[in-house]
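Protein chains in written order, with my numbering: chain A, 79 to 316; chain B, 79 to 316.
For every residue, glycine included, the Cβ atom is placed at its ideal position computed from N, Cα and C.
Treat the numbers as computed from the prediction; the structure is a model and nothing was measured.
2 protein chains.
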Amino acid sequence: MRKDIHNSNIPVRCMSCEVRHKGMCGALSADELLALSAHTRLVNHESGDELAGEKMPAESYATVIRGVVKLTKTLEDGRQQIVGLQFAPDLLGRLNANENAVSVEAASDVNLCRIPKAALERMVKSNPALAERLMSQTLRELDEARDWMVTLGRKTAAEKVASFLLLIATHLDPEAVGEKRKFDLPLSRADIADFLGLTIETVSRQMSKLKADGVISIVANRHIEVPKLSKLKACCGS
Amino acid sequence: MRKDIHNSNIPVRCMSCEVRHKGMCGALSADELLALSAHTRLVNHESGDELAGEKMPAESYATVIRGVVKLTKTLEDGRQQIVGLQFAPDLLGRLNANENAVSVEAASDVNLCRIPKAALERMVKSNPALAERLMSQTLRELDEARDWMVTLGRKTAAEKVASFLLLIATHLDPEAVGEKRKFDLPLSRADIADFLGLTIETVSRQMSKLKADGVISIVANRHIEVPKLSKLKACCGS
DNA sequence: GCGTTTTCTTGATCGAGATCAAAGTGTCAC
DNA sequence: GTGACACTTTGATCTCGATCAAGAAAACGC
Numbered sequence: 079m080r081k082d083i084h085n086s087n088i089p090v091r092c093m094s095c096e097v098r099h100k101g102m103c104g105a106l107s108a109d110e111l112l113a114l115s116a117h118t119r120l121v122n123h124e125s126g127d128e129l130a131g132e133k134m135p136a137e138s139y140a141t142v143i144r145g146v147v148k149l150t151k152t153l154e155d156g157r158q159q160i161v162g163l164q165f166a167p168d169l170l171g172r173l174n175a176n177e178n179a180v181s182v183e184a185a186s187d188v189n190l191c192r193i194p195k196a197a198l199e200r201m202v203k204s205n206p207a208l209a210e211r212l213m214s215q216t217l218r219e220l221d222e223a224r225d226w227m228v229t230l231g232r233k234t235a236a237e238k239v240a241s242f243l244l245l246i247a248t249h250l251d252p253e254a255v256g257e258k259r260k261f262d263l264p265l266s267r268a269d270i271a272d273f274l275g276l277t278i279e280t281v282s283r284q285m286s287k288l289k290a291d292g293v294i295s296i297v298a299n300r301h302i303e304v305p306k307l308s309k310l311k312a313c314c315g316s
Numbered sequence: 079m080r081k082d083i084h085n086s087n088i089p090v091r092c093m094s095c096e097v098r099h100k101g102m103c104g105a106l107s108a109d110e111l112l113a114l115s116a117h118t119r120l121v122n123h124e125s126g127d128e129l130a131g132e133k134m135p136a137e138s139y140a141t142v143i144r145g146v147v148k149l150t151k152t153l154e155d156g157r158q159q160i161v162g163l164q165f166a167p168d169l170l171g172r173l174n175a176n177e178n179a180v181s182v183e184a185a186s187d188v189n190l191c192r193i194p195k196a197a198l199e200r201m202v203k204s205n206p207a208l209a210e211r212l213m214s215q216t217l218r219e220l221d222e223a224r225d226w227m228v229t230l231g232r233k234t235a236a237e238k239v240a241s242f243l244l245l246i247a248t249h250l251d252p253e254a255v256g257e258k259r260k261f262d263l264p265l266s267r268a269d270i271a272d273f274l275g276l277t278i279e280t281v282s283r284q285m286s287k288l289k290a291d292g293v294i295s296i297v298a299n300r301h302i303e304v305p306k307l308s309k310l311k312a313c314c315g316s
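Here's what the structure looks like:
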């Protein structure tokens, strides 16, 4: 019954977000997604795929079903900065914009539910509650961007790396209780460096230092364990 | 006739923004501001006044009538970062938020038109066009924040200072044509440093260097002239 | 398995920007 | 005007993170 929501070869698990979020798929409710289902398409991308190019025409919106998506901006000479990370069930795309302000890239393997530009915009116009939820997501992104500006402008390399690990721990395990955290980093050292305005060498050194100080253990390259979250928080400078 | 819009001792020029923006006072149209007039209050602040404190209850919205307002975040040990600048006719305040995410301070002498929280939110609920305009402003702020993240994370001190001067030139004289620009800096060197994630000494040195290179002239401390805007742009790294 | 490639870590050195220190300039009260 | 104070500039030195340079460890193809 749910299978026909998406014109897709992927099983019904594409709606996993619905379960996790009590009927809400981020800004879009399950009902709204269902109403759009004639137009949506589930797509898979692997890590590194470019989903949309900076300054290119904006073609569609998409909700992140699984995985992590990075938003980047690049200077002419190739210097790059990650300006946002989107986790399930965020909506990708700026309402009513005709051009992408950022480049959108899969940071990990990613499942997206693409929604054509016109279809979503039509629904937003006739649905004030949806418009309000999109406003909320945008305000949250603005808050996150401003928090990150403090990190970029005023924190030391050690504080930046600790702040990043805390951010990931918070996003990938939002309902964890107690002081222990375990997670896989969705980003390579190079991506972390681009997020923090550092070089990969500095990121690597600071991770090693956090490990030496007993704040984290690096179980495998990408797999991190935090024995005591408060200890990590104490390294963040605020 | 227009005098009764604001319960205020300031002459009608408080609506100057209406003229400059063809009936729009930023997100709020002149008509909408008129409809709210029973609740609004025009207030003046001088440079340095704190208009709202970080993590304090959000009490009201306000449109910037004249002057420049800075949004700041501060770490526990006092390190500060400016995370946004608001110029006339921006609306201050995050829709439906109960707590300020940032501290709001007058960067120059400022005139504000304060609008009580409930009054504006009531109007937004019944006016989709207004909601859409607020969404546009928020998306613009998000774009600006992300642009600035690139500056903070990846540009050199010289590029940061040039980018700041370009930003101010653009905002304070949006309709200027040709290559020449003249403007007064609305921020002290200390504020510029907090905006750029630098120290005041570095800001001062880079300004002196831009002057020595003929990119700008520093007529008085705060008064800057740019003989050739394209030359300044070439210093911004992108 | 084994070699190739990519990613990550560690070490040595360098340099941009911070810090420390002092002098110069402007502004305001009186 | 004169003094007090705040802001800005300039100089000397130091330090944190960048850069340069190997290695080590995963990941991948076959």
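Along the region 213-226 of chain A, the positions whose C-beta sits under 8 Å from a C-beta of chain B are Met-213, Ser-214, Thr-216, Leu-217, Glu-219, Leu-220, Asp-221, Ala-223, Arg-224, Asp-225, Trp-226, read in chain order.
Judged by DSSP in its simplified three-state form, Pro-206 (chain A) adopts helix.
Taking 7 Å as the threshold, the shortest C-beta distance from Ala-179 (chain B) to chain A falls below it. Sequence-distant Cβ neighbours of Leu-288 (chain B) in its own chain, meaning closer than 6 Å and more than five residues away, are Ile-294. About 6 Å separates the CB atoms of Val-121 (chain A) and Arg-192 (chain A); that is less than 8 Å, so the two are in contact.
Ser-125 (chain B) and Ile-143 (chain B) have their alpha carbons spaced roughly 15 Å apart. Listed along chain A, the residues sitting closer than 9 Å to Glu-154 (chain B) by beta-carbon distance are Gly-315, Ser-316. Here Glu-219 (chain A) is buried. Its C-beta has 16 or more other C-beta atoms within 10 Å.
Only those residues of the region 159-174 of chain A whose C-beta falls short of 9 Å from the nearest C-beta of chain B are listed: Gln-159, Ile-160, Val-161, Gly-162, Arg-172, Leu-173, Asn-174. Checking the DSSP bridge columns, you'll see Glu-177 (chain B) partnered with B:Pro-135. In summary, Glu-110 (chain A) is buried, with 16 or more beta-carbon neighbours lying within 10 Å of its beta-carbon over all protein chains present.
The DSSP-derived three-state label of Ile-160 (chain A) is strand. Residue pairing from DSSP places Lys-148 (chain A) in a beta bridge opposite A:Leu-163, A:Glu-183. A straight-line Cα-Cα distance of about 22 Å links Asp-269 (chain A) and Met-134 (chain A). Taking all protein chains shown into account, Val-255 (chain B) has fewer than 16 neighbouring C-beta atoms within 10 Å of its C-beta and is therefore exposed.
Against chain A, the beta carbon of Val-255 (chain B) has no neighbour under 8 Å; the closest one sits roughly 24 Å away. The continuous alpha helix (DSSP H) containing Leu-307 (chain A) extends over residues 307-311. Contact between Lys-148 (chain A) and Ala-185 (chain A) holds: their C-beta atoms lie close to 4 Å from each other, under 8 Å. The criterion of a C-beta distance shorter than 7 Å is satisfied by His-123 (chain A) and Val-188 (chain A). At a cut-off of 7 Å between beta carbons, Lys-151 (chain B) contacts chain A.
Per DSSP, the continuous alpha helix (DSSP H) segment holding His-249 (chain A) begins and ends at 235-250. Contact check for Pro-167 (chain A) and Gly-231 (chain A): beta-carbon distance about 30 Å, past the 8 Å limit, so the pair fails to qualify. A check of alpha carbon separations from Ser-266 (chain A) across A:Arg-259, A:Arg-300, A:Leu-276 identifies A:Arg-300 as the nearest. Taking the Cα positions, Pro-305 (chain B) is about 8 Å away from Gly-292 (chain B). Using beta-carbon distances, Gly-292 (chain B) does not count as an interface residue toward chain A, since no partner is under 7 Å. The three-state reading of DSSP puts Ser-316 (chain A) in coil, since its state is none of H, G, I, E or B. If you check the CB distance, Leu-153 (chain B) and Gly-315 (chain A) come in under 7 Å. Contact between Ser-138 (chain A) and Pro-194 (chain A) holds, since their C-beta atoms are separated by about 5 Å, short of 8 Å. Looking at the backbone, the Cα of Leu-276 (chain A) and that of Met-201 (chain B) are separated by about 45 Å. Distance from the Cα of Ala-298 (chain B) is smallest, within the candidate group B:Ala-312, B:Lys-309, B:Asp-262, for B:Asp-262.
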